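Working notes, structure below.
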Amino acid sequence: MKARVHVMLKNGVLDPQGEAVRHALGAMGFDSVNGVRQGKVIELDLADGTTEATVNEMCEKLLSNMVIESYTVEMS
Amino acid sequence: MHAAVVVFPGSNCDRDLAVAFEAAGAKVSMVWHKDTKLPDGVDIVGVPGGFSFGDYLRCGAIAANSPICNEVKAHADRGGYAIGICNGFQVLAETGVLPGALLRNVGLKYICKTVGLNVVTSQCAYTEGYSAGDIIDIPIAHHDGNYFADDDTIARLQGEDRVAFTYTENPNGAKGDIAGILSANKRVLGMMPHPERAADAGHGGTDGQALFRALSGILTPA
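Following this line, the structure appears as structure tokens:
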């Protein structure tokens, strides 16, 4: 089984990389882009029976930093 | 004074930090990240600069979960002294020993230059060799030095006299111009600038020397 973890900077935390991407898109003529937030996706290959609660624990202890980031988990 | 300097794969200021401790009269033990115990009688732990574990995942995140960091955390929890410089600050923030986190510099550039720091407090073991209000020149060398914490935390740090240093000209977007902060008991210091790189006349500056010299008075093993 697999889990896909999305980690994003929390709202209110400045994302200078997303901002730089937004600038670049604007400079390329994509003037419809109001904002860009850049995050990361982490795919976990898990032993059968691993619970979402365990994945949440991994997120809170290592995969995301709860001071600045939030996460979502998709199990499949 | 007995200092332990933690070495992670990718640390690159570990020996500089050891030299600065030794110049201040300390006996220094180097401690590997896989070690599960600090040497007996350690007065202060130094977490050095560098790029531990290649900055993978987040700066300091993997180092913060290495075996020795459990010990560093326990040492700090029982009131031991610890200083984290640059990547070491990122590691201590990731362990939760210090509040907040270090984000990518607001200008997205790695910055390596000497900057001015305001000494905000002299009421801790690290800064008692300075006077509050002093301006000192210390090098920075980082890509992720933009200190972030929520507004309540920043206000608490300021209100409890736990901001050790601020930048005279903010180079990285850090909230409150914060360059270095202290733990609640003021025995743990995390700072992005590198005092160990300004601790010898050969470095081109000696403004960091007073920090290490002040520490030589620490003789209480935790």
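Taken in order, these protein sequences are the chains called A and B.
So in the numbering used here, spot 15 of the first sequence is number 16, and the numbers just go up one at a time.
So in the numbering used here, spot 99 of the second sequence is number 152, and the numbers just go up one at a time.
Don't be surprised by glycine CBs; every beta carbon is placed ideally from N, CA and C.
Since this is a predicted model, take the numbers as computed values, not measurements.
Residue i: contacting residues in chain A (beta-carbon distance under 8 Å)
i         : result
Gly243(B) : Simply none; closest approach about 13 Å.
Gly153(B) : Val68
Glu147(B) : Asn66
Rounded C-alpha distance that separates residue i from residue j
i         : j         : result
Thr167(B) : Phe106(B) : 26 Å
Asp93(B)  : Ser82(B)  : 10 Å
His24(A)  : Gln39(A)  : 13 Å
Thr196(B) : Gly226(B) : According to the sequence as given, residue 196(B) is His; it is not Thr. So the alpha carbons of these two residues sit roughly 11 Å apart.
Gly137(B) : Asp108(B) : 16 Å
Val174(B) : Ile97(B)  : In the sequence as presented, Val is not what sits at residue 174(B); that position holds Thr. Roughly 20 Å separates the two Cα atoms.
Asp32(A)  : Leu26(A)  : 7 Å
Ala254(B) : Lys228(B) : 32 Å
Pro47(B)  : Val58(B)  : Outside the shown range of chain B, which is 54 to 275, sits residue 47(B), and nothing can be said about it.
Pro17(A)  : Lys80(B)  : 42 Å
Pro274(B) : Leu170(B) : Low local confidence applies: a pLDDT of 44 at Pro274(B) is under 50, so the model's placement there is unreliable, with the coordinate-based value given in what follows. If you take the alpha carbons of Pro274(B) and Leu170(B), they lie about 30 Å apart.
Ala208(B) : Ala237(B) : 13 Å
Residue span of the beta strand (DSSP E) that contains residue i, given as start and end
i         : result
Gly198(B) : Gly198(B) -> no beta strand (DSSP E), and no H or E assigned at all.
Asn171(B) : 164 to 172
Phe218(B) : 216 to 220
Thr148(B) : That residue, Thr148(B), is in no beta strand (DSSP E); its alpha helix (DSSP H) goes 140 to 148.
Val34(A)  : Taken as a continuous stretch (DSSP letters only), Val34(A) belongs to no beta strand (DSSP E), as it is neither H nor E.
Thr73(A)  : 70 to 76
Val100(B) : 97 to 100
His7(A)   : 3 to 10
Met54(B)  : Taken as a continuous stretch (DSSP letters only), Met54(B) belongs to no beta strand (DSSP E), as it is neither H nor E.
Interface partners of residue i on chain B, CB under 9 Å
i        : result
Gln18(A) : Arg157, Leu161
Opening and closing residue of the alpha helix (DSSP H) in which residue i lies
i         : result
Ile115(B) : 114 to 117
Ile234(B) : Segment 231 to 235 is the beta strand (DSSP E) holding Ile234(B); no alpha helix (DSSP H) there.
Thr206(B) : 204 to 212
Partners in chain B for residue i, counting only beta-carbon separations shorter than 7 Å
i        : result
Leu63(A) : Ala114, Asn118
Neighbouring residues, chain B, relative to residue i (Cβ below 8 Å)
i        : result
Val42(A) : Within chain B, no residue comes near Val42(A); the closest Cβ sits about 13 Å away, beyond 8 Å.
Val89(A) : Any question about residue 89(A) goes unanswered here, given that chain A covers just 2 to 77.
Residues within the stretch 197 to 211 of chain B neighbouring chain A, beta-carbon criterion of under 9 Å: Asn199, Phe201, Ala202, Asp203, Thr206
Interface residues of the stretch 16 to 40 of chain A facing chain B [CB-CB below 7 Å]: Pro17, Gln18, Ala21
The stretch 150 to 165 of chain B touching the stretch 124 to 142 of chain B, judged by at least three CB pairs closer than 8 Å: yes
Chain A contacts from the stretch 227 to 251 of chain B (Cβ-Cβ distance under 9 Å): none
Any 3 or more C-beta pairs closer than 8 Å across the stretch 64 to 74 of chain B and the stretch 46 to 53 of chain A: no
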